[in-house]
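J.:
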Amino acid sequence: MDLRADITNAIIRMIEEGAANGDKSLWDHAIKFGMPVNYKTKRPYSGVNVPLLWCAAADRGLERNEWLTFKQAQELGANVKKGSKGVMGVFFKMMPKKGADAGSADEGDSEGGFIPMMKPFWVFNVADIENLPEVEDTRPEWGPLVFSAISDGTKS
55 MDLRADITNA
65 IIRMIEEGAA
75 NGDKSLWDHA
85 IKFGMPVNYK
95 TKRPYSGVNV
105 PLLWCAAADR
115 GLERNEWLTF
125 KQAQELGANV
135 KKGSKGVMGV
145 FFKMMPKKGA
155 DAGSADEGDS
165 EGGFIPMMKP
175 FWVFNVADIE
185 NLPEVEDTRP
195 EWGPLVFSAI
205 SDGTKS
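Residue numbers for the sequence shown follow our numbering, beginning at 55 and rising by one.
1) Where does Asp56 land, buried or exposed, given buried means 16+ other C-beta within 10 angstroms?
2) Between Val177 and the rest of its own chain, which residues show a CB-CB distance below 7 Å, the 5 nearest in sequence each way excluded?
3) Round the Cβ separation of Pro170 and Phe145 to the nearest angstrom and send it over; I've been treating them as touching at under 8 Å.
4) So what does Asn179 bridge to, in DSSP terms?
5) Would you kindly report the start and end of the unbroken alpha helix (DSSP H) that includes Pro105?
6) Quick check on DSSP: helix, strand or coil for Ala64?
7) Does the separation of the CB atoms of Leu130 and Pro187 fall below 8 Å?
8) Just how far apart, CA to CA, sit Leu116 and Ile61?
9) In three-state terms, what does DSSP make of Lys86?
10) With distance defined between alpha-carbon atoms, name the residue in Ala110, Met149 and Ala84 nearest to Pro172.
11) Using C-beta distances below 8 Å, list every residue in its chain close to Leu107, excluding the 5 sequence neighbours before and after it, in chain order.
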């Protein structure tokens, strides 16, 4: 599996299909459903995972942009429907070099002794999961005081 090629091909396909549809379908879907989020943690996905999940949701005509790993579904007492296909996401982290490969910024290594690590993972849309309990959203609410504070902080 060439992870970088898979990601690149998915994004190219998304751009080409968007151009063929007058740049509407994918972006309309993205705007309508917002950022893809993890159903269990309520955290939004980031990086390359955003367009990958937008593309998958638009391709499948999904109504919700919430996703879970197989393990997270099991932890919630739910199960993935038989025959459901997962969508690849990418975990990315800069890892320190070890051993003889370890350089330092002082030795002219512009990356300071780090190498990129990419690892695929698969998620399923909540539409593909049965017996899914409601998960309490523990994120803080953005009430009028928060918006007021943001507004006050941006005035010049």
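Using N, Cα and C, we set each Cβ at its ideal position, and we do this for glycine too.
T.: Reading from the atomic positions:
1) exposed
2) Trp121, Leu122, Thr123, Gly140, Val141 and Gly143
3) At roughly 11 Å, the Cβ-Cβ gap does not stay under 8 Å, so Pro170 and Phe145 are not in contact.
4) Trp121
5) Asn103 to Arg114
6) helix
7) yes
8) 21 Å
9) helix
10) The sequence as given places Met at residue 172; Pro does not occur at that position. Per the Cα distances, Met149.
11) Pro90, Tyr99, Asn119, Trp121, Val141, Gly143 and Val177
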